[in-house]
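Following: one structure in C-alpha cells, then a few remarks.
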Amino acid sequence: MGCWSKAITPQSRLSWIEYIGVPLDCWCEEFFMRLGWAVGEPLVIEMDTLARNMLDRGKVLVLSLFGLSCPESIKVVTGKASFLVTTREVQQPVD
-6 MGCWSKAITP QSRLSWIEYI GVPLDCWCEE FFMRLGWAVG EPLVIEMDTL ARNMLDRGKV
54 LVLSLFGLSC PESIKVVTGK ASFLVTTREV QQPVD
C-alpha cells in the first residue's frame, strides 16, 4: 500500500452535533432533523435523544462539507416565539 496522495482531498466529514436548549414541546425526530440540516445533511439521531433519556441536549450525526465549522447557535422561530439553540461539535465515535 502506498502513501497518501496529495491529489486526494476530503470533500466532506461526519460529525456529531450537540444541540442544547431545545424546548420540550419541540423535542421530536422531525425537529432534530431540521436542526441537522442547518449544519449539514442529517444522517442519524442519537438513540438517547430519540428515547428522551437526556432532555438537556440532543445529538445528530451530520455529513458536512470539509472545512466548514459548526455555528455556535441556531435561531429557531416557531409560531410567534423564537429562541436560540446552542450547537457544538462533540467528539464521539461513529458506530
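Numbering (the working numbering), first residue to last: -6 to 88. The beta carbon of each residue, even a glycine, is placed where N, CA and C say it ideally should be. Since this is a predicted model, take the numbers as computed values, not measurements.
Per the contact definition of three or more C-beta pairs closer than 8 angstroms, is the segment 47 to 66 in contact with the segment 5 to 14?
yes
Check the DSSP bridge columns for G51 and list the partner residues they point to.
The residue given as residue 51 occupies position 58 in the sequence shown. Answer is Y12, bridged to G51.
Are V32 and T80 touching if we call contact CB-CB under 8 angstroms?
Counting from 1 along the sequence shown, the entry for residue 32 is found at position 39. Counting from 1 along the sequence shown, the entry for residue 80 is found at position 87. Yes, Cβ-Cβ distance for V32 and T80 is below 8 angstroms.
Using C-beta distances below 7 angstroms, list every residue in its chain close to S5, excluding the 5 sequence neighbours before and after it, in chain order.
Your numbering for residue 5 matches position 12 in the sequence shown. Cβ neighbours of S5 beyond the five flanking positions: L56, S57, L58 and F59.
When you compare only the Cα positions, how much space is there between W30 and S(-2)?
Here residue 30 corresponds to residue number 37 of the sequence shown, with the count starting at 1. Here residue -2 corresponds to residue number 5 of the sequence shown, with the count starting at 1. C-alpha separation (whole angstroms): 32 angstroms.
Between the alpha carbons of D18 and L48, how many angstroms are there, rounded?
In the sequence shown, residue 18 corresponds to position 25, counting from 1. In the sequence shown, residue 48 corresponds to position 55, counting from 1. Rounded to the nearest angstrom, the two C-alpha atoms are 11 angstroms apart.
V69 classed as buried or exposed, judged by whether at least 16 other C-beta atoms fall within 10 angstroms
Along the sequence shown, one-based indexing puts residue 69 at 76. Buried, since its Cβ has 16 or more Cβ neighbours within 10 Å.
Buried or exposed: which applies to P35, given that a residue is buried once 16 or more other Cβ atoms fall within 10 Å of its Cβ?
One-based indexing of the sequence shown puts residue 35 at position 42. So P35 ends up on the buried side.
Candidates K73, S8 and A0, of which the one nearest S62 by Cα:
Position 69 of the sequence shown, counted from the first residue, corresponds to residue 62. Nearest C-alpha to S62: S8.
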